[in-house]
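These notes concern the structure reproduced below.
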Amino acid sequence: YVDYKCENGDKLSFGLIGTNSYGVQEKNWGYRFIEKSVVDKYGMTNTADFGVGYSKIFGNVKTNVQLLNGEGFKKSDEDGKQSLYLSVLYGDSRLDKNDGMNLGLVINNNPQSDGTVSNLVGLFGGWASNGLRLGLEYNQFEVEATDITEEATSIYANYDINEDWDVFVRHDLNDLNVDDDVDAADLTIVGGVWNVTKGLMVAPNVYLDDTNTYRLTCMFKY
């Protein structure tokens, strides 16, 4: 992909670009090598696609709009219909590195080859100070003409005990159809991250889900 910085500070991107619907949330969470952000985990958005994007900053508000082929980066444009992605962010986009806060909105509009249209609306926020980082996400995904609305929420807390150890807890709730009587799926992740040396992290963590499946894993990041 190519990024072109305009004289007024705006940025134009084109080619294979990362979509604007999940990146800040991923940094608020901070541990993608353990688990994806909730909007990515439950497949509500493409993470990369071919197209063009434009970024503009208004004071503390960052905006980005993208016109994409809609099929994702693994496929070419097959139906001639493009997807529109919009993100609006107030505050700091890297709470995994900086103290501060943010609030954001993402909207996706994706026409499908069968004539239906899928829409995503997501809200999120984060706060970080003195080693403590908190985050919350809410996403609503629907396909027009099906009357099915899916919701996914995530709340998490991370704390830096010292330079070597962080601890975290995260709870996800995914409801495939908010109008039926089936309970939403719960997932809780509890664990810690040991910063062994630069570039190497070991993360013992436990997954607790609504089927009472317990899993202990160690993640290595180089």
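Numbering (the numbering used here), first residue to last: 537 to 758.
Just so it is clear, CB atoms sit at the ideal spot from N, CA and C, and this is done for glycine as well.
Keep in mind it's a predicted model, so treat the numbers as computed, not measured.
Can you grab the Cα-Cα spacing for the pair residue i / residue j, in whole Å?
i: D719; j: V705; result: 22 angstroms
i: D711; j: V575; result: 12 angstroms
i: K547; j: K541; result: 4 angstroms
i: S690; j: F594; result: 28 angstroms
i: V726; j: L668; result: 15 angstroms
Cutting at 7 angstroms between CB atoms, please list the residues of its own chain near residue i, excluding the five before and the five after it.
i: I697; result: V703
Going by beta carbon distance, what residues of the same chain come within less than 6 angstroms of residue i, once the five residues before and after it are set aside?
i: L744; result: T724
i: A693; result: L670, V705
i: W663; result: M637, L670
i: T652; result: V679, E680, A681
i: I553; result: Y537, G589
What's the call for residue i, buried or exposed, on a 16-neighbour Cβ count within 10 Å?
i: E673; result: buried
i: W730; result: exposed
i: Y578; result: buried
i: D650; result: exposed
What residue range is occupied by the uninterrupted beta strand (DSSP E) comprising residue i?
i: T724; result: 721-733
i: L736; result: 736-738
i: K617; result: Unbroken run through K617: none, as it is neither H nor E.
i: S629; result: Segment: none, S629 is in no beta strand (DSSP E) and carries neither H nor E.
Which residues in the same chain as residue i place their Cβ atom closer than 8 angstroms to its Cβ, once the five residues preceding and following it in sequence are excluded?
i: V597; result: V624, L625, Y626
i: G551; result: Y537, V538, F586
i: N634; result: D628, A664
- Item | 3-residue-minimum beta strand (DSSP E) runs that sit fully inside the segment 560-610, ordered along the chain | 584-594, 597-604
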